[in-house]
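Chemist: Below are the structure tokens for one structure; questions will follow.
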């Protein structure tokens, strides 16, 4: 029972990160690179929940690629790999962990046009698009969607 609750918590944290995520993309793009949630934005990404798994806010990274993909990394590992290792630590064998991870089908893409951003996330076959604006200032990134601004620092 406790293991199922931990799996559920991991899935909820992932969902929070995914649907809180706002991103952008394109050719010559100032947000390409790795970013960590900053200040109160770390809380929006579930940092407090992840602390119980030994994850610090700086361990949570959004990598915006040149090809328009957003990779979610935790402790320098792809999100799914991190969750798999966590499930094994909780007592699952590798086959069980692979089966659980196999059910976490997700993909995040982004697009940039000027200072406008679009993020398209697909989670378990459902697609959601979020649109807003962004601003890069030095090593800080601010993304605003639905009048909510999340801030990140360059890693």
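In this note's numbering, the protein residues as written are 655 to 809.
Glycine included, each C-beta is placed from N, C-alpha and C at the ideal position.
Output needed for residue 742: all residues of its chain with C-beta closer than 8 Å, excluding positions within five of it in sequence on either side, in chain order.
Modeler: Contacts found: 748 and 751.
Chemist: Nearest-angstrom Cα distance between residue 700 and residue 745?
Modeler: Each residue's Cα considered, the two are about 23 Å apart.
Chemist: Compute the distance between the beta-carbons of residue 787 and residue 798, then report whether it is under 7 Å.
Modeler: Yes. Within cutoff.
Chemist: I'd like to confirm the pairing. Which residues does DSSP put opposite residue 807 in its beta bridges?
Modeler: Residue 807 is bridged to 690 and 794.
Chemist: So residue 742 is in the alpha helix (DSSP H); what residue range does that whole segment cover?
Modeler: Element bounds for residue 742: 733-743.
Chemist: Inspect the CB distances between the region 729-737 and the region 686-704 and report whether three or more fall short of 8 Å.
Modeler: Contact between the region 729-737 and the region 686-704 is absent, because fewer than three Cβ pairs lie under 8 Å.
Chemist: What residue range does the beta strand (DSSP E) around residue 860 cover?
Modeler: Residue 860 lies beyond the stretch modelled for the chain, which goes from 655 to 809, so this question has no answer here.
Chemist: Helix, strand or coil for residue 786 per DSSP?
Modeler: DSSP places residue 786 in strand when its eight states are reduced to three.
Chemist: What's the C-alpha gap between residue 739 and residue 723?
Modeler: Answer to the nearest angstrom: the Cα atoms are 23 Å apart.
Chemist: How far does the alpha helix (DSSP H) with residue 704 in it extend, from its first residue to its last?
Modeler: First-last of the alpha helix (DSSP H) with residue 704: 701-705.
Chemist: Tell me which residue opens and which closes the alpha helix (DSSP H) that residue 752 is part of.
Modeler: Counting along the chain, the alpha helix (DSSP H) containing residue 752 begins and ends at 748-756.
Chemist: Could you tell me the boundaries of the beta strand (DSSP E) in which residue 729 lies?
Modeler: Residue 729 -> no beta strand (DSSP E), and no H or E assigned at all.
Chemist: Could you please give me the residues that DSSP links to residue 761 through a beta bridge?
Modeler: Partner(s): 776.
Chemist: What does DSSP give as the partner residue(s) for residue 715 in the beta ladder?
Modeler: Per DSSP, 727.
Chemist: Taking its Cβ as the centre, do 16 or more other Cβ atoms sit within 10 Å of residue 783, making it buried, or is it exposed?
Modeler: By the 10 Å Cβ count, residue 783 comes out exposed.
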